[in-house]
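Novice:
Number of protein chains: 2
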Amino acid sequence: MNYKQLVSNIKQKKSFLCVGLDTDYNMLPKFLMETEYPVFEFNKRIVDETAKYVVAYKPNMAFYEILGAAGWINLLMTINYIRERYPDIFIIADAKRSDIGNTSKMYAKAFLGEMNFDAITVNPYMGEDSVTPFLSFENKWVILLALTSNSGASDFQFIKDNETDQKLFELVLRKSQAWGNRENMMYVVGATKAEMLADIRKIVPEHFLLIPGVGAQGGNLEEVAKYGINKQCGLLVNSSRNIIYADATNIFAKVAGEKAYEMQKEMEILLQKYKVI
Amino acid sequence: MNYKQLVSNIKQKKSFLCVGLDTDYNMLPKFLMETEYPVFEFNKRIVDETAKYVVAYKPNMAFYEILGAAGWINLLMTINYIRERYPDIFIIADAKRSDIGNTSKMYAKAFLGEMNFDAITVNPYMGEDSVTPFLSFENKWVILLALTSNSGASDFQFIKDNETDQKLFELVLRKSQAWGNRENMMYVVGATKAEMLADIRKIVPEHFLLIPGVGAQGGNLEEVAKYGINKQCGLLVNSSRNIIYADATNIFAKVAGEKAYEMQKEMEILLQKYKVI
Numbered sequence: 010m011n012y013k014q015l016v017s018n019i020k021q022k023k024s025f026l027c028v029g030l031d032t033d034y035n036m037l038p039k040f041l042m043e044t045e046y047p048v049f050e051f052n053k054r055i056v057d058e059t060a061k062y063v064v065a066y067k068p069n070m071a072f073y074e075i076l077g078a079a080g081w082i083n084l085l086m087t088i089n090y091i092r093e094r095y096p097d098i099f100i101i102a103d104a105k106r107s108d109i110g111n112t113s114k115m116y117a118k119a120f121l122g123e124m125n126f127d128a129i130t131v132n133p134y135m136g137e138d139s140v141t142p143f144l145s146f147e148n149k150w151v152i153l154l155a156l157t158s159n160s161g162a163s164d165f166q167f168i169k170d171n172e173t174d175q176k177l178f179e180l181v182l183r184k185s186q187a188w189g190n191r192e193n194m195m196y197v198v199g200a201t202k203a204e205m206l207a208d209i210r211k212i213v214p215e216h217f218l219l220i221p222g223v224g225a226q227g228g229n230l231e232e233v234a235k236y237g238i239n240k241q242c243g244l245l246v247n248s249s250r251n252i253i254y255a256d257a258t259n260i261f262a263k264v265a266g267e268k269a270y271e272m273q274k275e276m277e278i279l280l281q282k283y284k285v286i
Numbered sequence: 010m011n012y013k014q015l016v017s018n019i020k021q022k023k024s025f026l027c028v029g030l031d032t033d034y035n036m037l038p039k040f041l042m043e044t045e046y047p048v049f050e051f052n053k054r055i056v057d058e059t060a061k062y063v064v065a066y067k068p069n070m071a072f073y074e075i076l077g078a079a080g081w082i083n084l085l086m087t088i089n090y091i092r093e094r095y096p097d098i099f100i101i102a103d104a105k106r107s108d109i110g111n112t113s114k115m116y117a118k119a120f121l122g123e124m125n126f127d128a129i130t131v132n133p134y135m136g137e138d139s140v141t142p143f144l145s146f147e148n149k150w151v152i153l154l155a156l157t158s159n160s161g162a163s164d165f166q167f168i169k170d171n172e173t174d175q176k177l178f179e180l181v182l183r184k185s186q187a188w189g190n191r192e193n194m195m196y197v198v199g200a201t202k203a204e205m206l207a208d209i210r211k212i213v214p215e216h217f218l219l220i221p222g223v224g225a226q227g228g229n230l231e232e233v234a235k236y237g238i239n240k241q242c243g244l245l246v247n248s249s250r251n252i253i254y255a256d257a258t259n260i261f262a263k264v265a266g267e268k269a270y271e272m273q274k275e276m277e278i279l280l281q282k283y284k285v286i
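Line by line, the protein sequences are chains W and B.
First residue of the first sequence? That's 10 in our numbering, and the numbers climb one at a time after it.
First residue of the second sequence? That's 10 in our numbering, and the numbers climb one at a time after it.
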């Protein structure tokens with residue numbers, strides 16, 4: 010999916026919601042455990058109830074890798090299901106991969122080629138040649154970690170470079186703009202301190218930002234929009250547990266749909282307020 | 010495997026060689042392509058010919074993920090085969106994972122629990138809570154990226170922190186010593202400039218260092234030992250392509266065995282020179 014299509018989907022659906030398909034096998038409703046592909050069955054039901062309110066899904070690889078080969082099969086079934094039924098949805102592999110150039114090329118082929126994700130999250134620690142192999146696929150995206158939402162973010166991401174007087178995550182934002190552009194690169198920016206988005210927007214005014222942690226991790230949607238939104242929206246806001254685990258009974262998918270609808274409604278108001286639509 | 014056992018294996022085998030099982034499906038000898046599990050068959054033959062000269066194997070996940078569920082099956086077969094036939098071998102998942110605490114816990118369970126690797130490479134960018142979940146498994150190890158051997162290493166790993174006047178990779182070495190110890194944590198240190206190992210040894214005198222890039226990536230074994238070896242060896246030196254792709258015909262495994270033997274002999278001389286054995 011290209012930039013124009015993504016923006017168009019946001020405007021049409023009046024939503025910049027991304028739902029994290031972090032499907033924990035141990036938290037599945039019991040009646041699904043009797044099916045052959047319980048993780049896929051869970052995802053399928055969540056997708057069917059939420060698809061009209063979301064522009065993106067983001068399965069986190071850890072939740073599939075823990076199931077080994079079966080996890081990959083459930084994941085592929087999920088991707089294929091979304092592609093067939095809801096072709097306007099952007100699908101992100103939350104994989105946080107990165108390796109030396111030749112090896113990153115293999116990961117890129119796996120996720121953006123074989124598995125046909127639209128985007129993959131990438132860790133910047135290893136620098137340019139670990140990131141650029143993911144940028145050579147047409148209409149596919151790198152979502153580079155800049156500022157993460159976890160407590161450990163303060164260990165290294167805020168150290169200030171002697172030479173440029175910039176913090177590490179700011180350097181990541183600046184340097185990587187030479188590797189890609191707003192058409193093939195986004196950034197993960199943790200929303201625990203939404204006012205930081207104002208400074209980040211000075212460095213990357215046009216790029217999409219993927220904001221994790223609105224919901225269970227404590228971010229606030231209004232604040233995020235206030236400081237982070239741009240003329241084309243430029244935001245994907247992720248919610249995982251607050252939506253997919255809103256209910257643990259047989260009506261979990263219906264309740265997830267209601268939660269997604271609530272968020273879409275909030276987003277619609279914000280998109281209007283900031284004149285994106 | 011614990012620290013004592015690893016050191017004992019190194020002394021007994023007179024080797025600190027790690028072989029990277031970066032098995033590229035497209036580079037397999039033709040006769041293996043007709044088998045049901047060609048990647049496993051390749052690995053099995055490599056392992057049988059090299060096991061007596063090596064203390065560790067390190068499959069890189071990218072080469073398996075590109076094959077989807079089949080890749081995971083071939084990987085698991087490889088791990089199980091090594092465990093059964095050569096129980097004294099240390100097996101490293103070169104996965105370079107890291108995520109927020111809860112998700113890192115899932116990766117840890119997958120690699121150190123379910124798949125029963127001895128160790129996993131971890132990316133430090135997301136800080137403490139992304140690393141510590143991997144440290145809660147008895148006799149299992151984190152191998153934290155500090156200084157990598159690729160060209161992109163210079164983008165961020167060398168920025169100098171205003172406050173402490175230390176480079177990012179040095180901060181990673183220092184801070185992480187509060188998270189683990191020499192019994193459960195090693196560091197990836199690129200060998201492209203071996204003399205840097207002397208400074209690194211001042212920060213982490215006792216920890217094991219995993220040195221990639223001796224061989225195809227241009228490092229030099231004698232220099233690595235000169236600057237990096239400690240009283241208990243403290244080194245695992247990896248070679249991948251130089252060994253597993255030394256020959257592309259039906260005798261590839263035999264040639265790989267000869268290459269591993271050559272490296273073991275060099276290592277034996279160095280272990281004697283530096284009085285480890």
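Positions of the beta carbon are idealized from the N, C-alpha and C atoms, including for glycine.
#1: To the nearest angstrom, how far is the alpha carbon of VAL213 (chain W) from that of GLU147 (chain W)?
#2: Hey, out of W:GLY77, W:GLU215 and W:MET86, whose CA is closest to ILE82 (chain B)'s CA?
#3: Grouping DSSP H, G and I as helix and E and B as strand, with all else coil, what is ALA207 (chain B)?
#4: Considering just the uninterrupted stretch of the beta strand (DSSP E) at ILE100 (chain W), what are its terminal residues?
#5: Using C-beta distances below 6 Å, list every residue in its chain close to VAL264 (chain W), excluding the 5 sequence neighbours before and after it, in chain order.
#6: Is the region 270-279 of chain B in contact with the region 13-27 of chain B, if contact means three or more CB pairs nearer than 8 Å?
#7: Is GLY358 (chain W) close to chain B? Criterion is C-beta to C-beta, closer than 8 Å.
#8: For LEU219 (chain B), which residues from the same chain have a beta carbon less than 6 Å from its beta carbon, with the 5 sequence-adjacent residues on both sides left out?
#9: Going along the chain, which residues of its own chain have a beta-carbon closer than 7 Å to the beta-carbon of ALA269 (chain W), five neighbours each way excluded?
#10: Kindly list, in the order they appear in chain B, the residues whose Cβ is closer than 8 Å to that of TRP150 (chain W).
#11: Here's the rule I'm using: 16 or more other beta-carbon atoms within 10 Å means buried, otherwise exposed. How should ALA260 (chain B) be labelled?
#12: What residues in its chain sit with their C-beta under 6 Å from that of ASP103 (chain W), if we drop five residues either side in the sequence?
#13: Out of curiosity, what's the CA-to-CA distance linking GLU179 (chain B) and LEU85 (chain W)?
#14: Within a Cβ cutoff of 8 Å, which residues of the same chain sit near VAL16 (chain W), ignoring the five residues on either side of it in sequence?
#15: How far does the beta strand (DSSP E) with ALA128 (chain B) in it extend, from its first residue to its last?
#16: Could you check where the beta strand (DSSP E) with ASN52 (chain B) kicks off and where it finishes?
#17: What in chain W is Cβ-close to ASN171 (chain B), meaning under 8 Å?
#18: Going by C-alpha to C-alpha distance, which of B:THR112, B:GLY122 and B:ASN239 sits closest to LYS211 (chain B)?
#19: List, in order along the chain, the chain W residues whose C-beta lies closer than 9 Å to that of TYR116 (chain B)?
#20: Within its chain, find whatever has a CB closer than 6 Å to the CB of ASN193 (chain W); leave out the 5 residues flanking it on each side and keep chain order.
#21: Whole angstroms is fine: what's the gap from SER113 (chain W)'s alpha carbon to GLN175 (chain B)'s?
#22: Roughly how many angstroms separate the alpha carbons of ALA207 (chain W) and ILE91 (chain W), rounded to a whole number?
#23: Which bits of chain B does SER158 (chain W) rub up against, with CB to CB less than 8 Å?
#24: Which of the three DSSP states, helix, strand or coil, is assigned to ILE286 (chain W)?
Specialist: Taking the coordinates as given:
#1: Pairing VAL213 (chain W) with GLU147 (chain W), the inter-Cα distance amounts to about 22 Å.
#2: W:GLY77
#3: Looking at ALA207 (chain B) - three-state DSSP - the assignment turns out to be helix.
#4: Residue range 99-106 is occupied by the beta strand (DSSP E) that includes ILE100 (chain W).
#5: Counting only residues of its own chain and dropping the five nearest sequence neighbours on each side, VAL264 (chain W) has a CB closer than 6 Å to the CB of ALA255 and ASP256.
#6: yes
#7: The structure shown does not extend to residue 358 (chain W), since chain W is modelled only from 10 to 286, so the question has no answer here.
#8: Within the same chain, ILE152, MET195, VAL197 and LEU245 come within 6 Å of LEU219 (chain B) by CB-CB distance, once the 5 residues on both sides are set aside.
#9: Within the same chain, and ignoring the five residues on either side of ALA269 (chain W) in sequence, the residues whose Cβ sits closer than 7 Å to its Cβ are LEU26, VAL28, THR59, TYR62, VAL63 and ILE252.
#10: Ordered by position in chain B, no residue passes the 8 Å Cβ test against TRP150 (chain W), which lies about 19 Å from the chain.
#11: Reading off the sequence shown, one finds Ile at residue 260 (chain B), where the question assumed Ala. When all chains shown are included, ILE260 (chain B) counts as exposed.
#12: Taken in chain order, the residues that qualify are LYS67, ASN69 and THR130.
#13: 40 Å
#14: GLN241 and CYS242
#15: 128-131
#16: Looking at the DSSP string, ASN52 (chain B) is not in any beta strand (DSSP E); the run it does join, the alpha helix (DSSP H), is 47-59.
#17: ILE168, LYS169, ASP170, ASN171 and ASP174
#18: B:ASN239
#19: MET70, ALA71, GLU74 and ILE75
#20: Only LEU144 and TRP150 meet the Cβ criterion.
#21: Whole-angstrom Cα-Cα distance: 28 Å.
#22: Answer to the nearest angstrom: the Cα atoms are 34 Å apart.
#23: ILE109
#24: coil
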